[in-house]
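Residue numbers (the working numbering): 395 to 1198.
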């Protein structure tokens, strides 16, 4: 962002040099990235002096040339050949001396040399205004009314003031400093000098002959809209002072009306838009969104297809402007414009940011709107621009100000503890200094006690929302360099860290998996659209499509980690790395009911040998239990208990389990269906586990209960149960805990047998039961009674036969 130093001084009285002001701005957080001198006239009139013509005679060899002698303050007068028709003896003129460089209004620069013109010596040049960049006239030389002595630099006569252009690297949070007055407000807090706002008291309505009705249909996108009409205007070139102001910050002047809107924008930070009132059909302004795909031609003559989120400024029948971003081709100011409707609004930063990004358009207006402008400044900026248009365009104000503001945006109220100020800054500041800083920053102090106060922050300070932000404001104005370093350096904070830290939990689990032989992978979230079409559990309609896709293979965001992980498996298998244990933390994306949804997941893949090939044992491939073991360990690591296991019906698995907690699916695991691995060229079995990491984080807790080891011995009893094949271990476990919860502390299957001698569709589980009483030693009578109850329950509810 560019700021003119001379322009800045119109709003605040500062005596410091541009270099000093730049240092102060950088110290307060408005980092100055460049300071460039801007000459009022290119070249600064270097080498040009005031001279007096002593003699003027006809050139002997040219009818249109004169030979003059000119006093330029040196010991001897110089000879200059001049072709101007108005040159005469006794005139005080501007002389370009030998060696000086001229920068004419039209054409390129040139250097003055000693030469002969038609045989007569010429030792300089008597200048016209266009030859030195001061105007466009070439009718004759400039004749001065001056008593300054000959040889005086020409710059002293014109009293030009060079300017300095300050370039500030504005951070996105400093929306309040996007103007000259915004920068002046920061300097006010440093120098304790008031900001001089241009008065708008003279504003008055001349007539009400051109009323324009304003209707806001989308108040979320446009909380406030102000406007006024001005008629009887003349579009013409702006006065020199206005053009110079805009040129000083790199803006090319257009005409008086457009230049005024740009001037007020860079003066106050409030964007304005001027509509040709003749193009406002029905004398009505409607702020709304249009249908998806509506075609609209913008000011740059580009046809754009609107999105349903794009806020538009419309008349009674059509769109006229993309709100806060870019005007339309047919509703702007032209040379024939005589009546304008002047808009000054507050638009939602989120809406403007999204529209600007969608259409890849960045303007001075969108730069400010998407950061957040001052909702309470719209009417002031409107009056300021209207008065300027009336003065410079000869118009009359032809309507009352229309100000649609359904719900007033209130100040932010922030509770501040005084002890936290010194704790964060590392230094105790006087209370009067704290109050002075906040007052100079337009932050009011209310409800003050000895321990705390309430800071009332105006809406334009969108970056000051928390107690820490208030303290930062105090610190940056006090000066970081004014805080002495203590003997020991430390850090402090106000934020309450969450009990569950997602990053720490993820890191802990990553280290656990890595310690157990797993390698972490990171895959691209962009993937192939055909993956979601390859399996029933994924829906192509829920794909999040990329607008400017790099290729068809990277056309959508993934709905599952599985496929990008299989690509990594295939890459390794093709390079003879077949024994794999991989995991990834990554996001999955879906479009559900028109809304984007993303979830963090943990994926695990295992394949190949159970352990490294060795002479100590036979080779064995990994199986389901090599995955289910780490799955259980992860849940235990997160202290998530009482997980219900059911057979999965997810088509990505040939077989597997779904893990439920409180009837919510926290994960799945199983053997990946070969129909999914074959397209990747993978022939070996792949076992995969998928966890909903967001849900696991909500379920995890650190409430680990540690108990003393019982001083009474535990007892083991085994049962061999012949049961139907459709009976699962979870059924045995659930029935055991239902029958005897107090004494049974552990249940586990240690053997499985299936054979013809058991009967058709039968299997045998050998189950161990661990019994413990924390208060006394178990007797055989109690043990037998407990086991008999279990046997009856298994026989009655599971149809089990107890093998003797």
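Here a beta-carbon is modelled for each residue, glycine too, at the ideal position from N, C-alpha and C.
Quiz item: Helix, strand or coil: how does DSSP classify residue 749 here?
Solution: As a first step, residue 749 must be located in the chain shown, where it is residue number 355. Here residue 749 sits in helix by DSSP.
Quiz item: Mapping DSSP to helix, strand and coil, what is residue 673?
Solution: For the purposes of this step, residue 673 is identified with residue 279 of the chain shown, where counting begins at 1. Collapsing the DSSP output to three states places residue 673 in a helix.
Quiz item: Exposed or buried, residue 1019, counting other C-beta atoms within 10 Å across all chains shown (16 or more means buried)?
Solution: As a first step, residue 1019 must be located in the chain shown, where it is residue number 625. Exposure of residue 1019 is indicated by the presence of fewer than 16 other C-beta atoms within 10 angstroms of its C-beta.
Self-check item: For residue 625 and residue 792, believed in contact at Cβ under 8 Å, the rounded distance
Solution: Along the chain shown, one-based indexing puts residue 792 at 398. Along the chain shown, one-based indexing puts residue 625 at 231. The Cβ separation is near 4 Å, so the contact holds.
Quiz item: According to DSSP, is residue 618 helix, strand or coil?
Solution: Residue mapping note: residue 618 aligns to position 224 of the chain shown, counting from 1. DSSP places residue 618 in strand when its eight states are reduced to three.
Practice problem: Please name the residue, chosen from 438, 395, 1124 and 527, that lies closest to residue 570 on a Cα-to-Cα basis. | Solution: For this step, residue 570 is matched to residue 176 along the chain shown. Restricting attention to 438, 395, 1124 and 527, the CA atom closest to the CA of residue 570 is found in 395.
Quiz item: Is the Cβ-Cβ distance between residue 1081 and residue 1061 less than 8 Å?
Solution: As a first step, residue 1081 is located in the chain shown; it is residue number 687 there, counting from the start. As a first step, residue 1061 is located in the chain shown; it is residue number 667 there, counting from the start. Not closer than 8 Å, so no.
Self-check item: Residues that DSSP places opposite residue 1116 in a beta bridge
Solution: The residue given as residue 1116 occupies position 722 in the chain shown. Under the DSSP definition of a beta bridge, residue 1116 partners with 1158 and 1195.
Exercise. Check each candidate in 615, 1106 and 630 and name the one with the smallest Cα separation from residue 789.
Key: Taking the first residue of the chain shown as position 1, residue 789 is located at position 395. Nearest option by C-alpha distance: 630.
Self-check item: Cross-strand partners of residue 488 (DSSP beta bridge)
Solution: Within the chain shown, numbered from 1, the residue matching residue 488 stands at position 94. Answer is 444.
Quiz prompt | Buried or exposed by the 16-neighbour rule on C-beta atoms within 10 Å, applied to residue 980 | solution = What you label residue 980 is simply residue 586 of the chain shown in a count that begins at 1. Of the other Cβ atoms in all chains shown, 16 or more fall within 10 Å of the Cβ of residue 980; this residue is therefore buried.
Quiz item: Is the Cβ-Cβ distance between residue 993 and residue 1086 less than 8 Å?
Solution: Within the chain shown, numbered from 1, the residue matching residue 993 stands at position 599. Within the chain shown, numbered from 1, the residue matching residue 1086 stands at position 692. Yes. Within cutoff.
Practice problem: Verify whether the separation of the beta carbon atoms of residue 852 and residue 805 is less than 8 Å. | Solution: Translated into the one-based positions of the chain shown, residue 852 becomes position 458. Translated into the one-based positions of the chain shown, residue 805 becomes position 411. Going by beta carbons, residue 852 and residue 805 fall inside the 8 Å limit.
Exercise. Decide if residue 1118 is buried, meaning its Cβ has at least 16 other Cβ atoms within 10 Å, or exposed.
Key: By one-based count along the chain shown, residue 1118 stands at place 724. Taking all protein chains shown into account, residue 1118 has fewer than 16 neighbouring C-beta atoms within 10 Å of its C-beta and is therefore exposed.
Practice problem: Determine the contact status of residue 516 and residue 474, defining contact as a CB-CB distance below 8 Å. | Solution: Counted from its first residue, the chain shown places residue 516 at position 122. Counted from its first residue, the chain shown places residue 474 at position 80. The Cβ-Cβ distance between residue 516 and residue 474 falls below 8 Å.
Quiz prompt | Own chain residues within Cβ distance below 7 Å of residue 431, not counting five before or after | solution = The residue given as residue 431 occupies position 37 in the chain shown. Excluding residues within five positions, the ones whose Cβ falls inside 7 Å are 556 and 558.
Self-check item: Selected residue, minimal CA-CA separation from residue 497, among 450, 860, 552 and 440
Solution: Locating residue 497 in the chain shown gives position 103, counting from the first residue. Ranking 450, 860, 552 and 440 by CA distance to the CA of residue 497 puts 440 first.
Exercise. Would you identify the three-state DSSP class for residue 913, choosing helix, strand or coil?
Key: As a position in the chain shown, residue 913 is number 519, starting the count at 1. Here residue 913 carries a strand assignment [DSSP, helix/strand/coil].
Quiz prompt | residue 880 burial status per 10 Å Cβ neighbour count (16 or more: buried) | solution = As a first step, residue 880 must be located in the chain shown, where it is residue number 486. Its Cβ having fewer than 16 others within 10 Å, residue 880 is exposed.
Practice problem: Under 7 Å Cβ to Cβ from residue 894, same chain only, skipping five residues before and after it: list those, please. | Solution: As a working note, residue 894 is residue 500 in the chain shown. Around residue 894: 1091 and 1094.
Quiz item: So what does residue 715 bridge to, in DSSP terms?
Solution: Position 321 of the chain shown, counting from 1, holds the residue named residue 715. Per DSSP, 707 and 721.
Quiz prompt | Supposed close pair residue 818, residue 862 - CB separation, criterion 8 Å | solution = Here residue 818 corresponds to residue number 424 of the chain shown, with the count starting at 1. Here residue 862 corresponds to residue number 468 of the chain shown, with the count starting at 1. The pair is a contact, with the Cβ atoms about 7 Å apart (cut-off 8 Å).
Quiz item: Can residue 907 and residue 977 be called in contact, C-beta distance under 8 Å?
Solution: As a working note, residue 907 is residue 513 in the chain shown. As a working note, residue 977 is residue 583 in the chain shown. Cβ distance < 8 Å, so residue 907 and residue 977 count as in contact.
Quiz prompt | Alpha-carbon to alpha-carbon, residue 727 and residue 525 | solution = Working through the chain shown from its first residue, we reach residue 525 at position 131. Working through the chain shown from its first residue, we reach residue 727 at position 333. C-alpha separation (whole angstroms): 33 Å.
Quiz item: Going straight from the alpha carbon of residue 860 to that of residue 772, what length do you get?
Solution: Your numbering for residue 860 matches position 466 in the chain shown. Your numbering for residue 772 matches position 378 in the chain shown. Taking the Cα positions, residue 860 is about 26 Å away from residue 772.
Self-check item: alpha helix (DSSP H) runs wholly inside the region 998–1040, at least 4 long, in chain order
Solution: Correct list: 1018–1031.
Practice problem: Could you tell me the boundaries of the alpha helix (DSSP H) in which residue 958 lies? | Solution: The residue you call residue 958 lines up with position 564 of the chain shown. Taken as a continuous stretch (DSSP letters only), the alpha helix (DSSP H) holding residue 958 covers 955–967.
Quiz item: So what's residue 1150 in DSSP terms, helix, strand or just coil?
Solution: On the chain shown, position 756 is the one that residue 1150 refers to. Helix at residue 1150.
Quiz item: Within this structure, are the beta carbons of residue 576 and residue 427 separated by less than 8 Å?
Solution: Counted from its first residue, the chain shown places residue 576 at position 182. Counted from its first residue, the chain shown places residue 427 at position 33. It is not a contact, given that the beta carbons lie outside the stated cut-off.
Self-check item: Close-in-space but distant-in-sequence residues of the same chain around residue 990 (CB under 8 Å, 5 per side omitted)
Solution: The sequence position of residue 990 within the chain shown is 596, counting from 1. Result list for residue 990: 938, 983 and 984, in chain order.
Quiz item: Considering only C-alpha positions, which residue in the set 1056, 986 and 1049 is nearest to residue 1068?
Solution: Counted from its first residue, the chain shown places residue 1068 at position 674. Nearest option by C-alpha distance: 1049.
Quiz item: With a cut-off of 8 Å, do at least 3 Cβ pairs link the region 1127–1138 to the region 1162–1174?
Solution: Touching, yes.
Quiz item: So what's residue 594 in DSSP terms, helix, strand or just coil?
Solution: The residue labelled residue 594 in the question sits at position 200 within the chain shown. DSSP places residue 594 in the coil class of the three-state scheme, outside both helix and strand.
Quiz item: Should residue 691 go down as buried or exposed, given a rule of 16 or more other Cβ atoms within 10 Å for buried?
Solution: As a first step, residue 691 must be located in the chain shown, where it is residue number 297. Label assigned to residue 691: exposed.
Practice problem: May I ask you to list the residues that DSSP assigns as paired with residue 699? | Solution: Here residue 699 is taken as the residue at index 305 of the chain shown, counted from 1. Looking at the DSSP assignment, residue 699 forms a beta bridge with 689.
Exercise. Flag this pair as yes or no: are the beta carbons of residue 476 and residue 535 separated by less than 8 Å?
Key: Indexing the chain shown from 1 puts residue 476 at position 82. Indexing the chain shown from 1 puts residue 535 at position 141. At the C-beta level, residue 476 and residue 535 come within 8 Å of one another.
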